[in-house]
Structures are given as C-alpha cells and as structure tokens.
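Report on one structure; see the data block that follows.
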Amino acid sequence: MGFLQYLINGISIGSVYAIIALGYTMVYGIAKMLNFAHGDVIMVGAYMSFCVTNYLGLPAVVGILVAMVVCTVLGIIIEGLAYKPLRGASSLAVLITAIGVSYFLQNAAQLIWGSAPKNFTSIVTFAPIKLFGGQLTITGEVIITILASVVIMVALTLFTGKTRMGKAMRAVSEDRAAAQLMGINVNQTISMTFAIGSALAAIAGVLLCSTVPTLQPTTGSMPGIRAFTAAVFGGIGSIPGAMLGGILLGIIETMTKAYLSTQFSDAIVFLVLIVVLLVKPAGLMGKVVQEKV
Amino acid sequence: MNKIKQYFKTHSYNIATYGIVIIAYVVMQYLSNADMLSRSVNGYLVPICAYIVLAVSLNLVVGISGELSLGHAGFMGVGAFAGIVTAACLQGVVDSDFGRLMAALLVGGVVAGIAGVIVGVPVLRLRGDYLAIVTLAFGEILKNIIGNLYIGKDETGIRVALSQAELHLGAGGKVILSGALGATGVQKLSTFFAGFLLILFTLFVVLNLINSKEGRAIKAVRDNRIAAESVGINVTAFRMKAFVVSAFLAGMAGALYGLNYSAVSASKFGFNTSIDILVFVVLGGMGNILGSVISATVLYVLPEAMRGLADYRMILYAVVLILVMLFTWSPKVKEIMSVVTAKLGGIFKKKEVGTNE
Amino acid sequence: MKKLFALLMAALMVVTMFAGCGSAETPATDAAGGEAPATDAAPTAGTIKIGSSGPLTNDYAVYGKAVEYGLTLAFEEINALGGLQFELRVEDDEADAEMAVNAYNTLMDWGMQIMAGPTTSGSAAAAAAECAADGVFMLTPSASDAAVITAGDNVFQICFTDPNQGVGSADFISSHNLATKVGVIYDSSNPYSVGIYTKFMEQAAVVGLEVVAEEAFTADNKADLSTQVTKCQEAGCDLVFLPIYAAEAAQVLTCADKIDYNPAFFGCDGLDGILATEGFDPALAEGVMLLTPFDASSSDPQTQEFVANYTAKFGLEPNQFAADAYDVAYAIYQACTAAGVTADMSAEEICETMIAQFTSMSFDGLTGDGMTWAADGAVSKLPMAVKIENGVYVGVE
Amino acid sequence: MNEYSRKMLKVPTYNLLREQDMGKLPVLDVRNLGIDFGGLTAVDSFNITIGPTEISGLIGPNGAGKTTIFNLLTGVYQPTRGSVLINGIDTKGMPTHKVNKLGIARTFQNIRLFSEMTALDNVKVGMHNEIKCSFVSSLLHLPSYHKAEKAANEKAMELLDFMGLADVANVKAGSLPYGVQRRLEIVRALATNPSIILLDEPAAGMNPSETMELMHQIRRIRDTFHIAIFLIEHDMNLVMNVCEAIAVVNYGRIIAKGTPEEIRQNPAVIEAYLGKEDGE
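Chains R, B, G and W, in that order, are what the protein sequence lines are.
Quick note: the first sequence uses the working numbering, first residue 1, plus one each step.
Quick note: the second sequence uses the working numbering, first residue 1001, plus one each step.
Quick note: the third sequence uses the working numbering, first residue 2001, plus one each step.
Quick note: the fourth sequence uses the working numbering, first residue 3001, plus one each step.
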C-alpha cells in the first residue's frame, strides 16, 4: 500500500510540475527564451486568487478568473517592456532580463503582501477518495490538477495544431524570418504566446498552492526551477514532453524520498536527470535536430 | 605595418585590462593604508576580487567557449570548502598566514578542477539549454552533498562523515565543516593583496589562453563546430579544456572567498549565486574580459550603495538591472548608439571595433 | 566598446561615491550613496547607536522583519520613557554570511555601539567573529546555533540554543510518556533545524526514545512534504517531532490531515506563529505541542500590551522572533541603565560593561522571567511547553 | 598574381599529369560506400579512387547525394556500408577531426567560416595541428609559444597571399564579401596540410571572371602543393576545364565515370543531367 500511496503523492506533485512546465515549454518553444520569471508570475497568480477569495470573500472560480486576467495582463506588460526591446539580441541577454523581472516581481510582492507566509485555502472542496478501507488516499487536489494538466495539454496541442494563431506560433517557432516573410506578425504572435503562458501560470499558481499551501513571495521560484527541469527532462518545446517530464520528475522525487534518502533526494533526482539526458540528449520526447552540413 | 598595428591592437586591450586592474589596486590599497576608506568599502575589496575571478572564469565558458553554464557557484563552493579544510589542516604546520592562504587557493583550485573534469565528461556531450540544465543540476548536487558533509580534524587525521554523530572525533578534535551550518570559526586569511594577485593570475591565464592556439580553437568551436571539426579540432577536448580551466579558477576564487569570512555555508553556492555571476558576465559583454572585471565590481557595489533605500533596495536593483540590460543589448539602442558614435567618430579619430569583443 | 564605455561610466560613478565616503573623516552616515540614517535625519547628540541585521528580503524575510519590528517597537517605547536614548538601524543581510559582514561593516561605519542581531545563525556566526575582533557587544535575538556564541566572550544569545531545545524536547517527550515510536521531519539545509535534530537524536538514545523515522527535506524541495509524512505513517509513529519553522509545519499538518494520519505533533520555538499565519485553519493544529518561550495569547499584561501595540503598529500579530527582539532591546536598556552607559562611550568600553552586566544581572522579559547568562553567552531560561487547544496555547506541565 | 608565389613558394614549371600518379598509393580510395537515413538509401555502391595529384569532379543533379558523399568522406556521417581509405588508412569509426588528420580537408557548400574571427585567425585555426606548442606553453606564453606563433603567422600570411587575400588578413571573416569568403575557406582547408581537399561548389555565387580566376587557382593549388582535389560543382565550364576525371551521380549512385570528354558524350549522363544544361 505504501508504494501506491507514494506513487499518488508523486503524481500529485508531478502534475503540479507538469502544469508549470507546460507554460515554460510553450514560451520556450515559440519565443526561444528561458523565461525564469515564469515561476514568479505563478506566485502573483496565487496571491491574486488568495486576495479575491480571502479578502473579498468571492468564490474560488472568481479567484481563478481574476488571477488569469491579472497574470495575462502582467505577462503582456512584462513581454512588451522587458523582452520585446531585446528581440534579435542574444538569448542570454533576454535570460538575464528575465532574472531581473523575477527579482522585481518577488520584491514587489513582498512590498505589497508582506513577507509573512500565508496559508492558501485549497480551491478543491470535495472530499478525498479513500480506497482499501482508508489505507490509500487520493485527494481532490490530485484529481483536479491531473485533469487540469491533461485538459491544458490537449487544448494547447489542438490550439497549436488547428487554429490560425496556433499555426502562426508554430511557424514563428520553426523559422522566425521565414514566418515574417509569410506575413505573420512575429511580435504579435510572441506577445500572444506570453499572454497564454501567463494565463496558464495563474492556473498553475492556484493549483500549486492548493497542493502546497504555503504562499510567500518566493513560492514560485523553486517549483519554477523544478518545472523548468521537468520541461527539459521531457524535451523542451514539446507539449506532451512537458507533461510527461513533470509527472515523471514528481514520481522520481517521491520514490527517491520514499526508498532511497530524504537527505540526498535533491542530489539523486538531479543525477537521474543527468543520466536520462546523457542517454537521450534532447529529453524524453524532444527531437534531436541534426545540424545540416 | 599592418601586422605591427594589429599586434599592438590586440595587446592594447590586454595592456588596458592589466593596467586598469593594477591602477585600481594601487589606488584602493593607498586609500586603505591611508585610512581613507570606510569600513564597508574595505570589506568589499576581497569579495570583489573573488567575484571578478569568478566572472572572468565563467566568461571563459560562456563568452569564449559559448556554453551556458548555470552551476559555476558549485565549483566556487567546492573550492571554498577545500580551501577552508586545507587551511585548517595546515594550521601549526605552515606558520605564515600567506603561505597557508596560497596553499588553500591551490588546493581549492585543484579540487574544483577535478570536479570540473568529473562534471565535464558527461556535461560536454550535451549542447545548448540541455548543457545549461545539466550544469544547474550538478551545481545543486554539489550543494546538496556539501550541505550534508561533516569534516573534522583530530590527532588521527581528517575525518569525513555524513552526520555529526558519525564523525567520532577523538579528544581535542575540531569540527571544520558542519553540514548545513557550514564552516564556522574559520580563520580569516584572505587579504586584498592576495585577491589582487589572484586576479592578475586569472587574467594572465585567461588572456594568454584566449590569444593562443588553444583559445583560437575554443573560439572556432563556438563559432562553427562543424567547420572546426573539419580542420582537425577535437571539439570535446577543447570545450573540456575551457571548462576545467574555468572550474579551476572558480575554485581558487572560492577558496579566497571562503577564507574571507569566519562562517561560510553551503547554501551560498547554489543557483542564485551562479546566476549572479552570470549576470556579471552578460552585462560585461560575452568574451569581454575587461567588461567582466568592471561589471563584477559595479554590480557588487551597487546593491550595497543602495542600502539607504531600505525596503526598496532590491526592487530598485531589479529595475536597474533590467534597464541596463535593455540599454546595453537592445538592437534599437545599439542602432542609436552607433549613429552617435559615428558622429563622434567624425570628431575624434575613427575607431575600429576591437577583435576581442 | 560602447558597452564597456557605459560600464566605465557607471564604475566612475561608484568610485566617486567611494571618494565621498573616504573624504568624510567621520564614519559616513549620509555619504554612502546618499544614505539617510534609519530614524531621525539629524541624530540627536547622546543617542546610543544600536545596529541589527537580518533577512529583510527573500525566503526568510518574515523572521528578519519580525526582529526589525520588535526592536523598533521596543526602542520607541524606551526612548519615550525619556531616559537613555537609542537610535536603531537594521540592515538587510539576506540570511547570508557575506551579506551579514557587509551589513555589519555598514553599521560600523554608521557608528554602531551595540549589535542587537543578526537574526539567523549563519549570518550571526560571521558577524559574531567580527564583533569579537572589534570588541563590540553582540546580543542576538534569534540566532540559536551553539556555534554562534563560541566566537567570543562578548557574544550573547537571548534565545535557547538549538542543542538545549533538542535535549529539552527529548526529555519532555520521554518524561511525559508521549510516544512509543517517534518520527522526525527536519530541514537538512537549515542549521537551526539540523542543530535541534542532532541533539534530539543523541538525547533520544539516552532517555530511550525509539525513533523509527528520520525524514529530511531541503529548502529546494520543501514544496512537497507528503512523502515524509506518509513515511512516518508507514513507520507507525505515534508522535512526529517537528524541529522546523511554522510555514513548513503547516504543510506537514495539512498533509497529515489529508491522509487521515493523526499522531501527536511536537515542535520547538520555530513553530510559534503557526496560528497567526493568515489563512491557516487552527483546527489543523489542534493538539500540537511545542516548546516556546513566548505565547501571544497569554494573559500576562506585559505580553498583552506588547501584542496590542505591535499589532496596531505593524498590522500583524507578533511571533516569537519579534518577542525575542523586543526582549533584546529591553535587556540592553536594563544593562545600559544599570551600568550607567552613556552615548559618548566607545563600543569597546560599552562592551566591557555590558559583559559584566549580562553575566551578573537577571532579566524579566516576554520570553521568560529571571533570565541569566553564563559567561559563554548562553541564556538560562525555562522552556515552556504548550499545547494548542481551540486555537490558543495552553500550558502543559 | 604570380608575384605572390614567386616570393613565397616554389612553383613547379611543369604541369603534373595523371600518369605520374601511376603505381602510387591512391590518396582516396572509396569502396562500395553507402548510407541509409531511416530506411531511405541516400548513397549506395559509391566507388572512387583518386591519385595523389589528381583533380576530380563530382557532378549530378540537385539532391543526387553529392554533399552527403562529402560528409561520408570526411566523417561527418558514419557510412552504413563500405569503407573510406585515406592514404591507405580506413576511417571507420573515426570522428571528423581524426579523419582530417589523415590528410583530408574540405570546404562547405553553405560557407562555414569562424565569422567572429579575422581571416588570419581562421587560417591559423586551420593550422592548429601544425603548430607545435604545448598547452602549458601557450598558457604561460613561454618563448616556444612566441616562436610557434611567429612561424604560424608567417605561414598563414603566405597561404592568404597565395589566394590573394593578404590584404584582408585582419578583417573579420563574417564581414568579407561572398567570393572572398569562399576563397578563405579554401585557404583554411589548405592550412591543415592535407593530401586531398574537397571543394563543395567553390564557384557558387561567383561571376564569370571570378570563376575564371578560381579555375586558375585550383590548378595552381594542385601544382604548388602537390595534392589531389575533389570538387562538386554545377558550373560545367569549370568542371570540364579543370577536372581530369569526373564522376556523375544520380539518386546516390554513380551513373558514369571518365574523362571530361567521355562524360560529355555519355548518353546516360546527357539524359540524367547534361540534357538540361546542353548550352554550357
């Protein structure tokens, strides 16, 4: 029974990683930048939802919607002010700017909401499912998070595959210059990507904090890095890869803690990641792009 | 004629780099001796030296070799603790503080260099963002291990364990490194002079490397891997050389850093510090060694100088960072700047862009 | 080249700033980057300068801020009494040794005479060595690691040391027969947590407690603690010892609740503040026991006044860190008054008299009555074990 | 043009003929070479032998697999079948840089210079394995380093001069005109001291007069350095005039081999390839 419970725990945190990784991978795939501020947008989303439900007493759904709207706007503003001027500059320059944005959001959050951790009230209200006479528990958060990440994954896949905007995104992702020649507005497409990525971040924030209730200005940063790791693990740029990478990372982390060592779980998890990348250098579902000679 | 001009040009950059460092040292040392520096400024000197060395060494990997490394602080940490343990062990063996410091720097460098080899063998088979994430992973692994490491010294020698209880120190034994708390009660050996020497050594190694056939090969691999292979360059070997030299220098900087404080903990050497060093490099210009020296100094002092802003300090630092990045990297700003410089160029002598940038 | 030019310009600015610092003969108060003193613009003659540092930004900011607020409140009250006047300045040290030394140096430039910090152990260990070398009296409110006070004779703590708490917890659990099988969940990346855990394990072996699960987490992976909780459940622990901070403890309690695991929980002073966490359901903490020197809901009038003033001023309930800091201020005040310290004394002179005072005096504060200090700087006060019942602390004997 | 060569290098006054290679070990010996990409056969049964001072051409329609063959010869791709012998040594399993050391150098269809480095440095990178100077020596800039660098500089300038590029030695490679970049790639390949160089469409993007000059230069390279040259080119004028032997490939297989005259008259070639470009 222990094993199954650990597996569920792993899937639980893994699906949170997955949902964050989806946002990471999408922005990376299209804008070709590592948006290290993504984790902090998540934090903002969680705070917004917290404020709406705890201070205004509105239902959780409203909280999520407000968080999505605020994060979308925030994403577009960040992209316009901090990333757009660097279009065409070295990707490393954009990376550093993203780190600057991350510092900014964390410190702004501390000024606005204070440094004291808040305890996030889970948006999931239905009772956990008990199996085997209560020996095995599947919480509502796990179910909701998995459902949400699957829905988002499918929606994103359909969006990029079927819609006009989605196709434009893929074109920009493949070859920015060629896309421009085909009459695609590259700037607008990238802004759109950030808008969607940030809206996803809001959902991820709410679900992250429903699973892990501690909410403080640095809440997003470590899960953000974990999720980035997960996205690379699955093959960065690949939408199903992010999903798979997130869940696997969660399971590996939990199993390491359960059966190997809690003290060295960070080291072991990252070691597994390295070994996987050595065997599959482009991640689990990434394609190795052979440079044409 | 052309040859001589070119010769002078490449070397003028190096001369300027050494020159600025030496002048800065002489000025600061003079002010310090004359008691004209505040305590805080005096306190910045050694860490600035360490960060300059870290930035220059990371620039070798990121700027010259063109690989994004997010785990540089890991090597710094390895060097710091190796150096602290060395210095503690030599206490009573080597009398001179300076001698112990130099030994610590050397051991710190060598141990970090070895770590660089261990990390480099698997890491350098990867490219781009995958390499970045694996260096990040190694940095975190090193941090996790050091954070759980206990090292003590008693009359039987050095003891290493994974918990305080397993250390079993004999009578008169002394704990040097104590897990999460790190090393405490470290004898402070680092001096500004030693830091200055380390910078000179680093510049000497890195600038010489860049200008030698090895450096050309490393840059060739960065510019075009396939072409470099086609002219007989062993790509992995040269990425490795750059990586290990960089780790070695980072280890020395770590030892200098570690021996400047009486308490050092493993949590310092994580992702955030790696990112800080990366910021120095990118802001100073990729492959621009002098740029790294200057940006490390400026960016170290900036948040300290902003202490008066109290709660608004870090948020303003973030804003400054973003603005400086936009200003120095934005293609539009570059365009405007090039127009301005072109106009200025009419007034002054026309300048060509240096080859080292 | 352009970039270099821009950087050089910036460097020049910084150098100019330094020159400003350097030329000012007196320790720079307002030269360093246009810095303004923390309190009044024109420091009144005859104030004793108290410095402190703590993490005012990033992960541990909540503790640094609590210390800052506690000190601020206390010194405002003390200054209002009209006797000795104090001036307080708190610097950010990001809970990092390097930054703690920078903060310390900045405070020394400002003219600090007594150090009432730092907040966290790593920072305090670095700053303590500086204090010892310079002969500046240091009294830390909350840096509880045993290594902190070994730096020198002039370094004192007002909080329990971590080993004391570890030993005290094991003794308490054993003497009250609270458990047959004990599990521990601790933060292996945090010196405070590791310090208590290590001593607890030693003492548990001495008093014969059976520890069946020792589960660690780190600051990097604390997002998910469910596995550690499940492991304690699997191991059949009927008591889980939590030498960790409130935020993580809240996570542990939530996880345990979700899987219907109801052991006894026992924590240390880091757990204090859990009830004050915004949005936390106190029902989850029902029955949790902790060793704490401070109880915000206590009926003690002094505590009530402190809580009321603190809440009014800063808009949140004080935790143990704030109370410790508040005590630090009053202990310093008491010692200064008793020894007749004046503002024109040098830090070294003050240090000598303070050492003499602290090793001989007895102090009554929010976090304990009749506190005394040993020559090594450790405080002696009684730990108070409390149990959370209906959202308030209830004393346990 | 000849003054460069007179100053620096001995130019043989006679023209080397293929007959002189008779009885010598071929510099390049390719046997039954083939590669599949995921079930698709890109190259199959490719055989060719090139003597030490031979100039050979490889022609064929677009997509015939010519560049793939070059990639196989230089070790960029590992062949699925067959073997490549350079100066008698089998390259099986060798990485590109080791294959290069056996004596084969190349240029690229889409120019691959080290664009951030000067022309001179590009050539010096090419000379990398020729510069004898230890790692420690170059780190510490010992006297042996200075000596080796000086020698390398002189040799590199000679090579640049040979192709008429001495004037642009200190210009960043990326900012050179297209035709110059092509020639610089040839110089860089020559700098590795090869016994055969592979030129992938050396005349692409050149105007007729530049092409004319290139033809002279190709012959001069062979005559000066006594090396074999194997080139891919679409410009039939160049191929027919410069090459002593030509192989024609289509769909990854050789469809004809012979002297320019034989190729010109081969009906299979005319049908597959030359038919369209009869006007040449």
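Here a beta-carbon is modelled for each residue, glycine too, at the ideal position from N, C-alpha and C.
These figures come from a predicted structure and were not determined experimentally.
Query: Once DSSP output is grouped into helix, strand and coil, what is the label at Asp2428/G?; Result: For residue 2428/G there is no data in the structure shown, the boundaries of chain G being 2001 and 2397.
Query: Tell me the rounded alpha-carbon separation between Thr2016/G and Tyr1030/B.; Result: Residue placement at Thr2016/G cannot be trusted, given a pLDDT of 46 that sits under 50; what the coordinates show is reported in the next sentence. The alpha-carbon atoms of Thr2016/G and Tyr1030/B are separated by roughly 16 Å.
Query: Considering just the uninterrupted stretch of the alpha helix (DSSP H) at Leu3033/W, what are its terminal residues?; Result: Element bounds for Leu3033/W: not the alpha helix (DSSP H) but the beta strand (DSSP E), 3028 to 3037.
Query: Helix, strand or coil for Ala2216/G per DSSP?; Result: strand
Query: Compare the C-alpha of Gly3063/W against each of Tyr3251/W, Ser3195/W, Ala3256/W and name the closest.; Result: Tyr3251/W
Query: Rounded to whole angstroms, what is the Cα-Cα separation between Gly3082/W and Asn3032/W?; Result: 5 Å
Query: Measure the CB-CB distance between Ala2124/G and Thr2140/G and report whether it falls below 8 Å.; Result: yes
Query: Assuming Ala1263/B contacts Leu1060/B (C-beta within less than 8 Å), just tell me the rounded distance between them.; Result: So it is not a contact: roughly 30 Å between Cβ atoms.
Query: On a CA-only basis, which of Asn1272/B, Gly1270/B, Phe1271/B, Gly1291/B is nearest Phe1280/B? Give me that one, please.; Result: Gly1291/B
Query: For the region 3144 to 3162 of chain W, which residues have a CB atom closer than 7 Å to at least one CB atom of chain B, in sequence order?; Result: Tyr3145
Query: Mapping DSSP to helix, strand and coil, what is Val2206/G?; Result: helix
Query: Starting from Val1205/B, find everything on chain W with Cβ-Cβ shorter than 9 Å and list it in chain order.; Result: Leu3139, Leu3140
Query: Just the chain W side, please: which residues come within less than 9 Å of Ala1217/B by C-beta, in chain order?; Result: Val3125, His3128
Query: Along the region 2257 to 2275 of chain G, where does the CB come closer than 7 Å to a CB of chain B? Name the residues.; Result: none
Query: Kindly indicate which residue of Ile239/R, Ser238/R, Pro213/R, Ile225/R has the alpha-carbon position closest to the one of Ala2246/G.; Result: Pro213/R
Query: Who are the neighbours of Asp3121/W on chain B, taking C-beta pairs under 9 Å?; Result: Arg1216, Lys1219, Ala1220, Thr1355
Query: Residues of the region 1169 to 1187 of chain B with a CB closer than 9 Å to any CB of chain W: list them in chain order, please.; Result: none
Query: Residues in the same chain with beta-carbon distance under 6 Å from Ala2343/G, minus the five sequence neighbours each way, listed in chain order, please.; Result: Gly2046, Thr2047, Ile2048
Query: Near Asp2238/G, what residues of its chain come up, given a Cβ to Cβ distance below 7 Å and the 5 sequence neighbours on each side ignored?; Result: Ala2179, Thr2180, Lys2181, Pro2263, Ala2264
Query: Closer than 8 Å, CB to CB, is Asn185/R near chain B or not?; Result: no
Query: Are the C-beta of Asn3100/W and some C-beta of chain B separated by less than 8 Å?; Result: yes
Query: On the DSSP bridge assignment, give the partners of Lys130/R in chain order.; Result: Thr137/R
Query: Would you kindly report the start and end of the unbroken beta strand (DSSP E) that includes Asn3047/W?; Result: 3040 to 3050
Query: Could you check whether the Cβ of Lys280/R sits closer than 8 Å to any Cβ belonging to chain G?; Result: no
Query: Can you list, in chain order, the residues of its chain with a C-beta nearer than 6 Å to that of Glu1357/B? Leave out the 5 residues immediately preceding and following it.; Result: A caution first: Glu1357/B carries a pLDDT of 36, below 50, which makes its placement in the model unreliable, though a value can still be read off. Only Asn1288 meet the Cβ criterion.
Query: Rounded to whole angstroms, what is the Cα-Cα separation between Gly2033/G and Gly1308/B?; Result: With a pLDDT of 36 at Gly2033/G, under the threshold of 50, the modelled position of that residue is not reliable, and the figure given next carries that caveat. So the alpha carbons of these two residues sit roughly 7 Å apart.
Query: Just to confirm, are Tyr2310/G and Tyr2060/G a CB contact at a threshold of 8 Å?; Result: no
Query: Which value, in whole angstroms, describes the spacing of the CA atoms of Ser12/R and Thr72/R?; Result: 26 Å
Query: Taking C-beta pairs closer than 9 Å, name the residues in chain B that Ser90/R reaches, listed in chain order.; Result: Val1282, Met1286, Trp1329
Query: Within 8 Å of any Cβ in chain G, is that where the Cβ of Val1119/B sits?; Result: no
Query: What beta strand (DSSP E) runs, 3 residues minimum, are completely inside the region 2293 to 2368 of chain G?; Result: 2363 to 2365
Query: List, in order along the chain, the chain R residues whose C-beta lies closer than 8 Å to that of Tyr1317/B?; Result: Tyr103
Query: Note down, in chain order, each residue of its chain lying with its Cβ closer than 6 Å to the Cβ of Val1066/B, except the 5 sequence neighbours on either side.; Result: Residue 1066/B is actually Gly in this sequence, not Val. Cβ neighbours of Gly1066/B beyond the five flanking positions: Arg1222.
Query: Among Ala2205/G, Ala2103/G, Asp2376/G, Val2184/G, which residue has its Cα nearest to the Cα of Cys2268/G?; Result: Val2184/G
Query: Could you tell me the distance, in whole angstroms, from the CA atom of Ser3144/W to the CA atom of Leu2056/G?; Result: 56 Å
Query: Does any residue of chain G have a CB that is nearer than 8 Å to the CB of Val1362/B?; Result: Shown here, chain B extends from 1001 to 1357; a query on residue 1362/B therefore has no answer.
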